[in-house]
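Heads up: the sequence shown runs through residues 3 to 110, numbered per the numbering used here. We treat Cβ as the ideally placed atom computed from N, Cα and C, and that holds for glycine. Note that the coordinates shown come from a computational prediction; the quantities given were computed from them, not determined experimentally. Structure, as C-alpha cells:
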Amino acid sequence: MKELKIYNSLTKKKENFIPISKDKIGMYVCGPTVYDYPHIGNARPLVIFDVLYRLLKKIYGSNKVTYVRNITDIDDKIIESSKKNKKSINELTETITKSFHEDCRYLY
Numbered sequence: 003m004k005e006l007k008i009y010n011s012l013t014k015k016k017e018n019f020i021p022i023s024k025d026k027i028g029m030y031v032c033g034p035t036v037y038d039y040p041h042i043g044n045a046r047p048l049v050i051f052d053v054l055y056r057l058l059k060k061i062y063g064s065n066k067v068t069y070v071r072n073i074t075d076i077d078d079k080i081i082e083s084s085k086k087n088k089k090s091i092n093e094l095t096e097t098i099t100k101s102f103h104e105d106c107r108y109l110y
C-alpha cells in the first residue's frame with residue numbers, strides 16, 4: 003500500500019496518514035455558510051477535499067471511504083443577510099444552497 007503524507011497543522015509537519023480503520027475511512031469537511039451567493043473562495047475546499055477523497059478511494063478502495071460536507075444554514079451572518087434582503091431565513095438559505103449545489107456541478 004502506498005504511503006500518504008498529510009500536513010498536520012498542530013505539529014506543523016508532514017505526517018503519515020494512518021487511518022483508525024483501513025476498512026472505514028471518514029472525511030467530515032466544513033462547507034459554506036449560505037448567507038450570500040457562492041464565490042471562488044467556496045470552490046477551493048471543494049477541489050482540495052475532492053482530490054483527497056479520490057486519492058483515499060484509490061488507496062483504500064472506493065467502498066471504504068465516506069465524504070460528508072456540511073452546509074451551515076443558521077448563524078449571525080445568515081440572520082443579518084435575511085433582514086437586509088427582506089427574505090425569510092429559510093427562503094434565503096434554500097436559494098443560496100441551491101446555487102451552491104449548481105456551482106458544484108461545474109467543478110466535477
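Between the stretch 86-93 and the stretch 19-35, the count of Cβ pairs shorter than 8 Å is below three; the stretches do not touch. Looking only at PHE102, VAL67, ASP38, the smallest Cα-Cα distance to LYS85 is reached by ASP38.
Taking the CA atoms as reference points, TYR108 sits about 20 Å from THR95. Excluding five sequence positions before and after ALA45, the CB atoms of its chain that fall closer than 7 Å to its own CB belong to LEU109, given in chain order. Rounded to whole angstroms, the Cβ separation of THR99 and VAL49 is 19 Å, and the two are not in contact under 8 Å. Between the alpha carbons of GLU17 and ASN10 lies a distance of about 7 Å.
Beta-carbon to beta-carbon, VAL70 and LEU58 are separated by about 13 Å, too far to satisfy the 8 Å threshold.
For THR95, the enclosing alpha helix (DSSP H) has its first and last residue at 91-109. The DSSP-derived three-state label of VAL36 is coil. GLY43: member of the alpha helix (DSSP H) spanning 42-62, first to last residue.
With respect to the 9 Å criterion, PRO34 and THR74 are classified as neighbours on the basis of their beta carbons.
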